[in-house]
Each structure stands twice: as C-alpha cells, then as structure tokens.
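Each residue of the sequence shown is one higher than the last, beginning at 66 in the working numbering. A short write-up of the structure that comes next.
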Amino acid sequence: MEKKIVNQSLVEKFEASSFPSTCEESNLTLFEIRSGAVLEVRDCHLKSFVKLNLSSDEGRYIGDIHETAFVLRNNNKSIEAPSLILKSTSMANFYTFISSDEGSTVCVYKSFLTESRGHSLNFTGPACVKIAESVFDRPEKSAINIRYSKESLSLSSSVISIKNNEIMKGNSYGISIFGETTRHQNIRITIEGNKLLLLKKDGIGIKFINFAEININSNTIHGAKGNGIYLHNVQDLQESSQIQCKKNSIHSCENNGIIIKNAPSIIENNDIALNQKNGIFLMSEDDNFNEKSLANMRIILNFCRIHENQESGINISGKLLSPIILNSCSIRTNRHGVYINEKPSSEIPRVIIKDKKKGSSAVFKNEKGTHFCLEKCEIANNSISGIHIKSIYSPIYISQNVVNMNKEYALYLDQPQCKELVIIKDLARGNLLDYFNGYIGGPWGELTDEKPTSCKSSNPCNIF
C-alpha cells in the first residue's frame, strides 16, 4: 500500500492557488485518497477561501458549493480501503473537512477544526474512526456525523472511538450516529471524555443501529437546545448486550438530559441536572419488534443523581416492554421525582391472580416478565410528588426508598384500579413509615390507613 505524508511546506502551495471564485463547480476537493492509499497529514493549516472570493451575487449560492479538504474514495472493493491520518492540524471554513466512503479508515488527533458549513466530519459506513483530543468549533451541522446504510451490512466490523474532544457552539448535533436497519451489524462505539457545549440539537444522538458494543462514558454535555443524549431503536439482537452510559454530566439542556426509546441500557453514576424537561425520559413502543428484541429491552439505572429538572426526574411513558430497575438513585428537587404513564400493550398478555395467603392483596404475573422496580432510592424535595403514577398495566415493586419532604404527595395514583399493581414491600413488612413521609393515595382516597406515630429522620415532626 502506498503511503504519502503531507507537511507544512506542501500545504502552502495549495493555499497560494486557493479555490476558484465562481459557482460553476459545486463539488471541490483538496485531497482525494483512493483505494489502496494512505495519507498522513501533520502540522498543517488548511483554509477554504471560497466564501471570501464570492461576489455579493454569487454569495447567494454558497450553500450549493461543497468544498471538502479530504475525500476518501473506496471505488475498488478488491483493494484495501483508503486511510487518512491527521495530526496536529487546523482547518477552517470548508463545507466539510473530511468525508469518506464505506470501509474507509480515518484517524484525527490533536487537531482544530472550525466553522464548517456542513458536517465537520462526514463518514458513510467506516471500518475505523478514531478521533481524539481535538476541538470542533462552530460547525453548521454535526461535528461528527456517521451513517450506516443497509449496504453497510457487508462490513465485517466497524470500530468508532471518539475520546477527549471538545465540541462547542454547533448548529446541530455534536455527535450523530444513525443507521437505517434493525439487522445486526458488528459496530463497536466508544464515546468517552468529551465536552459538548452549547449545541442547537442533541449532544449525542444514536438511532436505528443494531450494535455489538456501545460505551458512552465520562462526557460533559452542557446547554444543548435538544437533549443531552438521545438513544432511539438501538439494540443488540445477537448477544443481547446493553448500552453502557456511565459517569456523564448532563446539565442545562432545553429538552431532556437523556431520552431512551427502545434502547436497552445501563445508566450508572450520571449527574443529570437543570434540564428544562425531564432528567431521564424512558419511552417504548412495541411496533416492529419481534419476541427476542422485546425480551432484551431492559433498562437499569444505578447510583444516578437527578436533580433540579423542571419536569420529572425520571419520566416513564409508553408501553413497558421489559424490566426497568431503579437502584440507589438520588432524585431531588424536580417537579415530580418519578412519573409513570404506561400504555397497554396488546403484544404482552397479563393476568392478575389473587394470592389467598395474603388476603386481599394481588400478585401480578406477566408472561414476559415486564415490571418496574424502584429500590433504595432517595426521592425528596420535589415540588409536587415523589412518585406519581398516572397509569400502569405492569407491576411496580417499591422497596426501601426514602420518600420524604415532597411538597404535595409521597406516592400519588390517579386511578384506584392501579392499587393492585403497586406492590409496596415496606407495607408488607410493616415498616412503611420508616421510608415514606407524606400522602400515599389519590383522588379516590388513601392507599393505607397507617399514620405516622413517631418522629424519625425520614418522618420529621411539625411543631407549631
């Protein structure tokens, strides 16, 4: 394989001849890397002069001119795909800095990319992408955009590593990774240690991908006008693995901190605060999913801090397809701590069986094992309710949570028929007041007649 290295002196020649100032040629390329070639670029400065060279009349067509600094063309599939290595280089004002065909390899290290008029980096079905310690400033579209088509299924594997970058003041997504198929693809994605600041859409968006491994860890997302992280129809049908989303800090987004729709995930040790909608919004639908995919849609939240969001700390909406487990989370100073509005699912049969040993209580059995479990969480100081249940069709297990100091309700149920599906293990053990302080019931009445009898740390006295 032929390898070329570009250094500063070679790039100066390209700058001197700059781009033409007419609109006759709409697709312009500075470097084209073809099958079988490797190009390494180090310590260079590349800048497009197209916008500066246009007259006032020609400036109206600037959006139709797509000049790209590096284009990787994989025209001959029988030869090894092209590769680009970019180190310590700055680029400015191109429509796109790097674009690639399917199967290409792109590595970008310690580079500065500013004011792209399209996607800064735009890849189709890449074999390998490694982007580290780089800055993306004011991209017009996504800073990093990766697309997988149905044809990308021919790839033996795809590795995406995006680490320790800063993406700021973009007019679209920070990182967008989208597909168009639910068939399994061997895609391994790591997004780690990045700062995504002041973006006009979602910080990280991953949609319609059937993956082998996804890790979204230790990122800081602040001030997105969309959501911090949006996962939609992202699953692994082959090994049933879950998306790992850990140690992220997501603050001050205009929508939700994290929104998950049909994406099995482990959400752990995240700090999610000051978002204008929900801290975490969990949505699900059973459309276009087979039995295996429904069985693998579980979501687990561990040790998350979810506070000061304007709507709910955690909002669960739609059809509950697989277990949702909340464990040891702190959910404070939101509107509602946990808000549940489940819709009935025709795909999942449900039966209520009376348990004679427990008298009037009911045990809810579900053939596919869907349920919601809330355990060992602190749910406090929310402005309306700790737990608000608008509608449920699956059992909810509540155990050893500290629910206190919520302004109006500790646990509120809109509908009395939901009572049999709310299984409060603290009540069954006889120590409900050790964990709940506040009203438990709904407009139809109270769930229990048990009243506070003593002053405890979880049940403070009011002294007048």
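Virtual Cβ for every residue (Gly too), placed ideally from N, Cα, C.
Practice task
For E407, count neighbouring C-beta atoms within 10 Å of its own C-beta (all shown protein chains included) and say buried if the count is 16 or more, exposed if not.
Solution key: E407 counts as buried, since at least 16 other C-beta atoms from the protein chains shown sit within 10 angstroms of its C-beta.
Exercise for the section: Reducing DSSP to helix, strand and coil, say where C394 ends up. Expected result: Three-state result, C394: coil.
Practice task
For K215, count neighbouring C-beta atoms within 10 Å of its own C-beta (all shown protein chains included) and say buried if the count is 16 or more, exposed if not.
Solution key: By the 10 Å Cβ count, K215 comes out exposed.
Exercise for the section: Name the residue from K290, N139, R107 and I256 whose alpha carbon lies nearest to the alpha carbon of G101. Expected result: Among K290, N139, R107 and I256, the Cα nearest to that of G101 is on N139.
Practice task
Have a look at S539 and H372 and give me their C-alpha separation to the nearest angstrom.
Solution key: Residue 539 falls outside the range modelled here, since the chain spans only 66 to 529, and no answer is possible.
Problem - Beta bridge counterpart(s) of K112 as assigned by DSSP - result: DSSP lists A157 as partners of K112.
Problem - K234 versus L262 - alpha carbon distance - result: Those two C-alpha atoms are separated by around 6 Å.
Problem - Buried versus exposed, by CB contacts within 10 Å (16 or more), H184 - result: Per the 10 Å Cβ criterion, buried.
Exercise for the section: Return yes when the Cβ of E473 is within less than 9 Å of the Cβ of G507, no when it is not. Expected result: At the C-beta level, G507 and E473 stay beyond 9 Å of one another.
Handout entry: As assigned by DSSP and simplified to three states, the class of A197
Key = Strand, per DSSP.
Exercise for the section: Tell me Q19's beta-bridge partners as DSSP assigns them. Expected result: Residue 19 is absent from the model: the chain starts at 66 and stops at 529.
Practice task
Between the Cα of G538 and those of N236, S306 and R182, spot the shortest distance and give me the residue it belongs to.
Solution key: The requested residue 538 does not occur in the structure, where the chain is confined to residues 66 to 529.
Handout entry: DSSP state of R494 mapped onto helix, strand, coil
Key = Three-state DSSP puts R494 in a helix.
Exercise for the section: Quick one: residues in its chain with C-beta nearer than 6 Å to the C-beta of L151, no 5 flanking neighbours on either side, listed in chain order? Expected result: The answer, listed in chain order, is V106, V173 and S176.
Practice task
Output yes or no for whether 9 Å exceeds the beta carbon distance between F201 and N230.
Solution key: Yes. Within cutoff.
Practice task
Can you check the segment 181 to 256 for any beta strand (DSSP E) of at least 3 residues that lies completely inside it and give the ranges in chain order?
Solution key: Counting only runs of 3 or more, we get 186 to 189, 193 to 197, 200 to 202, 209 to 212, 223 to 228, 231 to 233 and 240 to 243.
Handout entry: Span of the beta strand (DSSP E), counted from its first residue to its last, around R370
Key = Note, R370: beta strand (DSSP E), R370 to H372.
Practice task
Measure the alpha-carbon distance for P204 versus S221 and round it to whole angstroms.
Solution key: Rounded to whole angstroms, the separation of the alpha carbons of S221 and P204 is 31 Å.
Exercise for the section: Taking all protein chains shown into account, decide if E132 is buried (16 or more other Cβ within 10 angstroms of its Cβ) or exposed. Expected result: By the neighbour-count criterion, in which a residue is buried when 16 or more other Cβ atoms sit within 10 angstroms of its Cβ, E132 is buried.
Practice task
Evaluate D108 with the Cβ neighbour count: other Cβ atoms within 10 Å of its Cβ, from every protein chain shown; 16 or more gives buried, anything less gives exposed.
Solution key: By the Cβ neighbour-count rule, D108 is exposed, with fewer than 16 other Cβ atoms within 10 Å of its own.
Handout entry: Same chain only: Cβ atoms within 8 Å of S393, ignoring 5 sequence neighbours per side
Key = Result list for S393: N367, F368, E440, K441 and C442, in chain order.
Practice task
Quick one: grab the DSSP three-state call for R107.
Solution key: Reduced to three states, the DSSP call for R107 is strand.
Handout entry: Reduced DSSP secondary structure (H/G/I, E/B, other) of K384
Key = K384 falls in the coil class under three-state DSSP.
Exercise for the section: Report the residue from F276, P147 and A157 whose alpha carbon sits nearest the alpha carbon of E167. Expected result: In terms of Cα proximity to E167, the closest of F276, P147 and A157 is P147.
Practice task
Under 6 Å Cβ to Cβ from M19, same chain only, skipping five residues before and after it: list those, please.
Solution key: Shown here, the chain extends from 66 to 529; a query on residue 19 therefore has no answer.
Exercise for the section: Could you pull out every residue in the same chain whose Cβ sits closer than 6 Å to the Cβ of K455, ignoring the five residues on either side in sequence? Expected result: Excluding sequence neighbours, K455 sits near N406 and D479.
Practice task
From the DSSP output, in three-state form, read off D166 for me.
Solution key: Coil at D166, not helix or strand.
Problem - Per-residue burial, T170 [other beta carbons within 10 Å of its own, 16 or more giving buried] - result: It counts as buried.
Problem - Backbone CA spacing between I323 and S143 [nearest angstrom] - result: Distance from the CA of I323 to the CA of S143, rounded to the nearest whole angstrom, comes to 42 Å.
Problem - CB of I444 within 9 Å of CB of V403, strictly - result: Contact: yes.
Exercise for the section: Starting from A134, trace the beta strand (DSSP E) both ways and give me its first and last residue. Expected result: Here the beta strand (DSSP E) through A134 covers H131 to R138.
Exercise for the section: Could you check what DSSP says for K326 in three-state terms: helix, strand or coil? Expected result: Strand.
Handout entry: Length of the line joining the Cα atoms of Q465 and K326
Key = Rounded to whole angstroms, the gap between the alpha carbons of Q465 and K326 is 28 Å.
Practice task
Check L366 in the structure and name its three-state DSSP category.
Solution key: Under the three-state reduction of DSSP, L366 is assigned to strand.
Practice task
Work out the CA separation of N471 and T513 for me, nearest whole Å.
Solution key: T513 and N471: Cα-Cα distance of roughly 18 Å.
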